[in-house]
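Position 227 of the first sequence, counting from 1, maps to 227 under my numbering, and the rest follow consecutively. For reference, the structure discussed in these notes is given below.
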Amino acid sequence: MDPGSKEFRRDFVRSLVGADLESGKHARIVTRFPPEPNGYLHVGHAKSICLNFGIALETGGQCNMRFDDTNPEKESDEYVRSILEDVRWLGFEWGGGPYYASDYFETIFAAACELVEKGLAYVDEQTADEIRAARGTLTEAGSGSKWRERPASESLIRLDEMRAGALPDGACVLRARIDMASPNINLRDPSLLRIRRATHHRTGDQWCVYPMYDFAHPISDALEGITHSICTLEFEDHRPLYDWVVANVTLPSRPRQIEFARLELTHTILSKRKLLELVKEGHVAGWDDPRMPTLAGMRRRGVPPEALRDFCERVGVAKANSVVDMALLEHCVRENLNLEAPRYMGVLRPLKVVIENYPEDGEEWLPARNNPEDPSAGTREVPFARELWIERDDFRIEPGKKFWRLAVGREVRLRWAYFITCTRVEVDPATGEPVLVRCTYDPSTRGGDSPDGRKVKATLHWVSVRHAGTAEVRLYDRLFSDMSPGDDWRERLNADSLEVLQDCPVEPALAQIEKGARVQLERVGYFCVDARDSRVGRPALNRIVGLKGAATQT
RNA sequence: UGGGGUGUGGCCAAAUUGGUAAGGCACCUGACUCUGAAUCAGGGGAUUGUAGGUUCGAGUCCUACCACCCCAGCCA
């Protein structure tokens, strides 16, 4: 793609990148996706992944997969594995690597020495509390540490002791000497290195001094030749510090940081802390619960990665914090699945129908299109017999004006089969609910069309009682009833976010479907055959998303 | 309160050097239809945060104000 083209410059980040390419500032673009391996990836990360990998793909550059693993106490190998799996699932590949900030610890330490030698950093022996107290406030300047002016040689010795493990945790910290009176608090002599005796998931006990994000990130970027370091808005006022490091440390390149607004979605929460609480408190079944906005959850739910990528393209990239409507994600999923998902018939809440003029032990297999949107998907055969299951919602004892499905005296079509007319209904005297619907069929309408051209208003899905397989159906819905759950999200959990239906009759072909398959249950919605809980002959179907205005209305 | 950002229809989001508000989602209507889906065709909705100013003309320039977000970790 031509980076100068209007098509490429869809958003302000791509515009900046395109300009740098056109001006010749960079011959090749290198971006990076730098998660900290301390949690699972969610949709918000997907936006960043699509942006960074997308730009690399579109410009013929590269995007490095890099772990920002500078805080051993919170990070683990389990997270790096899940993150790599999620990125791969989303559909992206990285050339070299994956890279790790921890691979640069030696270089970062050398950079620390360089800064000290230049008089741009010093080892501060105040306690964390003292440092905090001296930092000042939003409106008052901070004051310099008594160690601020100590000779470089002295700091260098301390620095070596820090690295050698001669000093206890918290004994001192390396600080940049910038400006204690800066209105930007990030510039009031920020900490660069701290002592932490913790086993790192990759470097083990090799180090007891670890760099802070603000120190490690620009150096990591520069070492990898990153041209554009794209991050979220909250790092905007860290940019002066990022630039300070890049300018004052001897580095092979000068990356540029660009910030964009992170994604937020209605009806869910995306903060790592809240997601963790959701899991820990048992509101969901785990990180990959299909209701979770995590990539693992969405994958389990059955969201196609293509749909998720499409969604990320559609939300756009800008600097205004915004909350995207969940409906957009659902739209992307439907649009993808409408073309891709083979159709089957299955009944969620069964009601028995007897075709009284159909032979007692009669049976016939009728051809059905697998996907009306895609002729190449072919056809399959569906068994028809005298006793059928239909959806309870498709029958009404007292049909309203707007209800045009089955009722006594009404004629409807059974998908791919026959026209049937309801003659009477048997009702449970206790509840008043219909328990059996009696109908007659018109043999001349075999296949679903009437030779005399008469029309029916409704087409119902159905399953032969005798031939039915059974499935467990999990109806997933939005995790929160409220558009923006906020901090009292616990009170806004959607009590109906999961409804499990056992023994739902499904057509034989569906009972045999392979795990992981995504299908459409006609007139009901899109489902994914759960990879974990399905058994041969008894699939567990996760609802990905319902059909628009599904068959459960008046 | 200091600093850094952002404010365009319900939700996102465009708008070359100021020239008289794209598009998508959502919603509504009609057509079509063997999925009340899809598809197709229409439609409603914006005094572009507010108030002034410059200009023949401002979302775009100037001034003031308001609202919201981020920052005082030895987290990222």
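Every residue gets a Cβ at the ideal spot worked out from N, C-alpha and C, and that includes glycine. These figures come from a predicted structure and were not determined experimentally.
Just the Cα atoms here: how many angstroms apart are residue i and residue j?
{"i": "serine 450", "j": "valine 500", "result": "38 Å"}
{"i": "tyrosine 213", "j": "phenylalanine 235", "result": "11 Å"}
{"i": "isoleucine 108", "j": "phenylalanine 215", "result": "8 Å"}
{"i": "valine 529", "j": "valine 545", "result": "13 Å"}
{"i": "leucine 193", "j": "isoleucine 29", "result": "30 Å"}
{"i": "tryptophan 287", "j": "valine 87", "result": "16 Å"}
{"i": "alanine 27", "j": "leucine 21", "result": "6 Å"}
{"i": "serine 23", "j": "aspartate 2", "result": "14 Å"}
{"i": "proline 485", "j": "arginine 273", "result": "14 Å"}
{"i": "glycine 316", "j": "arginine 9", "result": "11 Å"}
{"i": "valine 427", "j": "isoleucine 355", "result": "17 Å"}
{"i": "serine 229", "j": "cysteine 332", "result": "29 Å"}
{"i": "threonine 70", "j": "histidine 201", "result": "10 Å"}
{"i": "leucine 16", "j": "lysine 402", "result": "54 Å"}
{"i": "arginine 318", "j": "isoleucine 390", "result": "The sequence given here has alanine at residue 318, not arginine. Those two C-alpha atoms are separated by around 48 Å."}
{"i": "arginine 309", "j": "threonine 268", "result": "19 Å"}
{"i": "serine 76", "j": "asparagine 38", "result": "7 Å"}
{"i": "glutamate 117", "j": "isoleucine 226", "result": "26 Å"}
{"i": "isoleucine 195", "j": "tyrosine 210", "result": "6 Å"}
{"i": "leucine 521", "j": "alanine 468", "result": "14 Å"}
{"i": "tryptophan 101", "j": "valine 506", "result": "The question names tryptophan, yet the displayed sequence has alanine at residue 101. Taking the straight line joining both Cα atoms gives about 52 Å."}
{"i": "serine 82", "j": "tyrosine 40", "result": "7 Å"}
{"i": "alanine 327", "j": "valine 43", "result": "14 Å"}
{"i": "lysine 515", "j": "proline 508", "result": "15 Å"}
{"i": "glutamate 114", "j": "proline 183", "result": "26 Å"}
{"i": "glutamate 130", "j": "leucine 241", "result": "22 Å"}
Compute the beta-carbon to beta-carbon distance between residue i and residue j, rounded to the nearest angstrom, for a pair I have assumed lies under 8 Å.
{"i": "cysteine 422", "j": "valine 435", "result": "Incorrect: roughly 14 Å between the Cβ atoms, too far for contact."}
{"i": "phenylalanine 105", "j": "tryptophan 207", "result": "6 Å"}
{"i": "glutamate 411", "j": "alanine 385", "result": "Contact flag wrong, Cβ pair sits at about 20 Å."}
{"i": "cysteine 504", "j": "valine 284", "result": "Not confirmed; about 23 Å, so no contact."}
{"i": "asparagine 64", "j": "tyrosine 99", "result": "5 Å"}
{"i": "tyrosine 573", "j": "leucine 498", "result": "Lying outside 1 to 554, the shown extent of the chain, residue 573 is not represented and no answer is given."}
How should residue i be labelled, buried or exposed, when 16 other C-beta atoms within 10 angstroms of its C-beta is the threshold for buried?
{"i": "threonine 137", "result": "exposed"}
{"i": "valine 555", "result": "Absent from the structure is residue 555, since the part of the chain shown begins at 1 and ends at 554."}
{"i": "proline 359", "result": "exposed"}
{"i": "proline 375", "result": "exposed"}
{"i": "lysine 154", "result": "It should be pointed out that residue 154 corresponds to glutamate in this sequence rather than to lysine. When all chains shown are included, glutamate 154 counts as exposed."}
{"i": "alanine 556", "result": "Outside the modelled stretch of the chain, which goes from 1 to 554, sits residue 556, for which no answer is possible."}
{"i": "threonine 139", "result": "exposed"}
{"i": "glutamine 257", "result": "buried"}
{"i": "asparagine 357", "result": "exposed"}
{"i": "leucine 276", "result": "exposed"}
{"i": "proline 190", "result": "buried"}
{"i": "arginine 405", "result": "buried"}
{"i": "arginine 291", "result": "buried"}
{"i": "leucine 479", "result": "buried"}
{"i": "glutamine 553", "result": "Confidence is the limiting factor: at glutamine 553 the pLDDT is only 46, short of 50, which leaves the residue's position unreliable and the question unanswerable from this model."}
{"i": "leucine 532", "result": "Rather than leucine, the amino acid found at residue 532 in this sequence is arginine. Flag for arginine 532 reads exposed."}
Please identify the residue among the options whose C-alpha is closest to the C-alpha of residue i.
{"i": "glutamine 502", "options": "Arg349, Arg523, Arg535", "result": "Arg349"}
{"i": "arginine 314", "options": "Cys50, Ala19, Glu22, Gly4", "result": "Cys50"}
{"i": "glycine 142", "options": "Gly44, Gly60, Ala181, Tyr476", "result": "Ala181"}
{"i": "aspartate 160", "options": "Arg132, Glu130, Ala110", "result": "Ala110"}
{"i": "serine 253", "options": "Arg239, Ile269, Leu223", "result": "Leu223"}
{"i": "leucine 90", "options": "Val303, Val473, Arg532", "result": "Val303"}
{"i": "leucine 120", "options": "Leu187, Leu493, Met65", "result": "Leu187"}
{"i": "leucine 564", "options": "Ser464, Thr203, Trp489", "result": "Beyond the ends of the chain as shown, which are 1 and 554, falls residue 564; an answer cannot be given."}
{"i": "leucine 366", "options": "Arg132, Arg446, Leu339, Tyr79", "result": "Arg446"}
{"i": "glutamate 387", "options": "Tyr441, Leu115, Asp477, Thr268", "result": "Tyr441"}
{"i": "valine 245", "options": "Ile178, Glu306, Thr294", "result": "Ile178"}
{"i": "valine 524", "options": "Arg392, Val173, Pro305, Leu115", "result": "Arg392"}
{"i": "tyrosine 344", "options": "Val463, Asp289, Pro151", "result": "Val463"}
{"i": "asparagine 494", "options": "Thr266, Phe527, Lys352", "result": "Thr266"}
{"i": "proline 539", "options": "Ile513, Asp496, Thr199", "result": "Ile513"}
{"i": "aspartate 487", "options": "Ile185, Ser271, Asp103", "result": "Ser271"}
Can you check DSSP and say which residues form a bridge with residue i?
{"i": "glycine 208", "result": "Inspection of the sequence shows that residue 208 is occupied by cysteine rather than by glycine. Answer is none; cysteine 208 lacks a bridge partner."}
{"i": "valine 519", "result": "Phe527"}
{"i": "glutamine 62", "result": "Val30"}
{"i": "proline 434", "result": "Val427"}
{"i": "aspartate 442", "result": "Phe419"}
{"i": "tyrosine 99", "result": "Arg66"}
{"i": "cysteine 365", "result": "Here the sequence assigns tryptophan to residue 365, which means cysteine is not the residue at that position. Answer is Pro383, bridged to tryptophan 365."}
{"i": "tryptophan 404", "result": "DSSP, once it has assigned bridges, lists no residue as partnering tryptophan 404."}
{"i": "cysteine 504", "result": "Ala471"}
{"i": "glutamate 259", "result": "Cys231"}
{"i": "glutamate 391", "result": "Pro350"}
{"i": "phenylalanine 109", "result": "Per DSSP, none; premise fails for phenylalanine 109."}
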